[in-house]
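In the numbering used here, the protein residues as written are 40 to 212. Remarks on the structure that follows.
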């Protein structure tokens, strides 16, 4: 025979139901998450500004390379076109007072100084270009060397970020 316990003595009857804790809400966020979001937004804005400035800075270079593709060796004035393209590109990145007065040897020295990469090949191509500038009729066999030198200068020249004219097209005026 089992002993019956009175309700006052039964410990199981004295237990209450277990209350589960409430779930942890993700809102409101802790200050660390706010700081992380703020930092992410600042980094994203800085990255967008950097990319936009870089694209704007390289726009004259890209336009010059596109214009270089339109110059043909069959044109009688290809040396003048190539030299004009070099001047326009330089005017897009350097102050007008510094570039506009340069000619012949000073101009070639400036081009060589602003592009230290592949100086020997660049010097040879620019010498050929300048020799053809002052001939009555340009030698079409020199076009490839001159064209490559101009392309090399446009791609590899070190341009200053300050004192830049906003557009390649504005350099022509």
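We put the CB at the ideal spot given by N, CA and C, even for glycine.
Let me know the secondary structure DSSP gives residue i once reduced to three states.
{"i": "residue 83", "result": "helix"}
{"i": "residue 198", "result": "coil"}
{"i": "residue 74", "result": "helix"}
{"i": "residue 173", "result": "coil"}
{"i": "residue 61", "result": "coil"}
{"i": "residue 109", "result": "coil"}
{"i": "residue 139", "result": "coil"}
{"i": "residue 153", "result": "coil"}
{"i": "residue 114", "result": "coil"}
{"i": "residue 133", "result": "coil"}
{"i": "residue 55", "result": "coil"}
{"i": "residue 178", "result": "coil"}
{"i": "residue 144", "result": "helix"}
Ignore the nearest five residues each way along the sequence and tell me which others in residue i's own chain have a CB closer than 7 angstroms to its CB.
{"i": "residue 150", "result": "125, 165 and 192"}
{"i": "residue 182", "result": "112 and 117"}
{"i": "residue 162", "result": "151"}
{"i": "residue 48", "result": "none"}
Kindly list the residues whose CB is nearer than 8 angstroms to the CB of residue i, restricted to its own chain and excluding five residues on each side of it in sequence; keep chain order.
{"i": "residue 119", "result": "172"}
{"i": "residue 157", "result": "191 and 195"}
{"i": "residue 199", "result": "132 and 133"}
So, residue i versus residue j, is the Cβ gap smaller than 9 angstroms?
{"i": "residue 194", "j": "residue 100", "result": "yes"}
{"i": "residue 169", "j": "residue 122", "result": "yes"}
{"i": "residue 103", "j": "residue 127", "result": "yes"}
{"i": "residue 185", "j": "residue 197", "result": "no"}
{"i": "residue 139", "j": "residue 130", "result": "yes"}
Going by C-alpha to C-alpha distance, which of the options sits closest to residue i?
{"i": "residue 187", "options": "169, 160 and 153", "result": "160"}
{"i": "residue 153", "options": "56, 133 and 163", "result": "133"}
{"i": "residue 115", "options": "174, 49 and 145", "result": "174"}
Using beta carbons (cut-off 9 angstroms, strictly below), is residue i in contact with chain C?
{"i": "residue 83", "result": "In the structure shown, chain C cannot be found, because there is only a single protein chain."}
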